[in-house]
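Trainee:
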Amino acid sequence: MSHPTTPEVSGGARPVEVFGATVDDQTRCVHYRTEVDVVAMKFKCCGRYYPCHLCHAEEADHEAQTWPRAQWSEPAVLCGVCKGEMTVDAYLATTSCPNCNARFNERCAAHRHLYFG
Numbered sequence: 001m002s003h004p005t006t007p008e009v010s011g012g013a014r015p016v017e018v019f020g021a022t023v024d025d026q027t028r029c030v031h032y033r034t035e036v037d038v039v040a041m042k043f044k045c046c047g048r049y050y051p052c053h054l055c056h057a058e059e060a061d062h063e064a065q066t067w068p069r070a071q072w073s074e075p076a077v078l079c080g081v082c083k084g085e086m087t088v089d090a091y092l093a094t095t096s097c098p099n100c101n102a103r104f105n106e107r108c109a110a111h112r113h114l115y116f117g
């Protein structure tokens, strides 16, 4: 089991722990580490951020649960570049961070069903 990374947060905001096999401080992991793989998802089941579904499957002691549509207004996505959290609705409506404009991997849409119900 790897140790969580705690990305630095500017402006006095609290740091957010990211669990899983991260390879850098922008939430890239051993499974997904391209330039645009800079988001971590908060899993509904445990409230922990992981870079991807594979990291959660490898490290969590439980099965993943998806965010129900009624809770898509909850902060559940972390930008690894600026460390800003966004709601599921905001994340699904964009291809880049609304805070810092960092591009997100558009191919992540293929895994949407693993995070959001």
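Numbered according to UniProt numbering, the sequence shown spans residues 1 to 117.
For glycine and all other residues, C-beta sits at the position ideal for the given N, C-alpha and C.
Helix or strand or just coil, what does DSSP make of Y91?
Mentor: Y91: helix per DSSP, three-state reduction.
Trainee: At the level of alpha carbons, what is the spacing between N105 and M41?
Mentor: Rounded to whole angstroms, N105 to M41 spans 13 angstroms at the Cα level.
Trainee: By Cβ distance below 6 angstroms, which residues in the same chain neighbour A76 in space, the five residues on each side in sequence not counted?
Mentor: Excluding sequence neighbours, A76 sits near K42, W67, V88.
Trainee: Quick check: the Cα distance between E85 and A57, rounded to an integer number of angstroms?
Mentor: E85 and A57: Cα-Cα distance of roughly 22 angstroms.
Trainee: Who are the Cβ neighbours of D37 in its own chain at under 6 angstroms, not counting the five residues just before and after it?
Mentor: For D37, where only same-chain residues beyond five positions count, the Cβ hits under 6 angstroms are R28, N105.
Trainee: What's the C-alpha gap between E59 and F19?
Mentor: C-alpha separation (whole angstroms): 8 angstroms.
Trainee: First and last residue of the alpha helix (DSSP H) that includes A57?
Mentor: Run containing A57: 53-59, per the alpha helix (DSSP H) assignment.
Trainee: I think Q71 touches C45, with their Cβ atoms under 8 angstroms apart; what is that distance to the nearest whole Å?
Mentor: With a Cβ gap of about 13 angstroms, Q71 and C45 do not count as contacting.
Trainee: If you draw a straight line from the alpha carbon of A110 to that of R69, how long is it in whole angstroms?
Mentor: Going from the Cα of A110 to the Cα of R69 covers about 17 angstroms.
Trainee: DSSP state of A110, grouped into three classes?
Mentor: The answer is helix: DSSP assigns A110 an H, G or I state.
Trainee: If you drop the 5 nearest sequence neighbours on each side, which residues of the same chain put their C-beta closer than 6 angstroms to that of R103?
Mentor: Counting only Cβ-Cβ distances below 6 angstroms, and skipping sequence neighbours, we find V36, S96.
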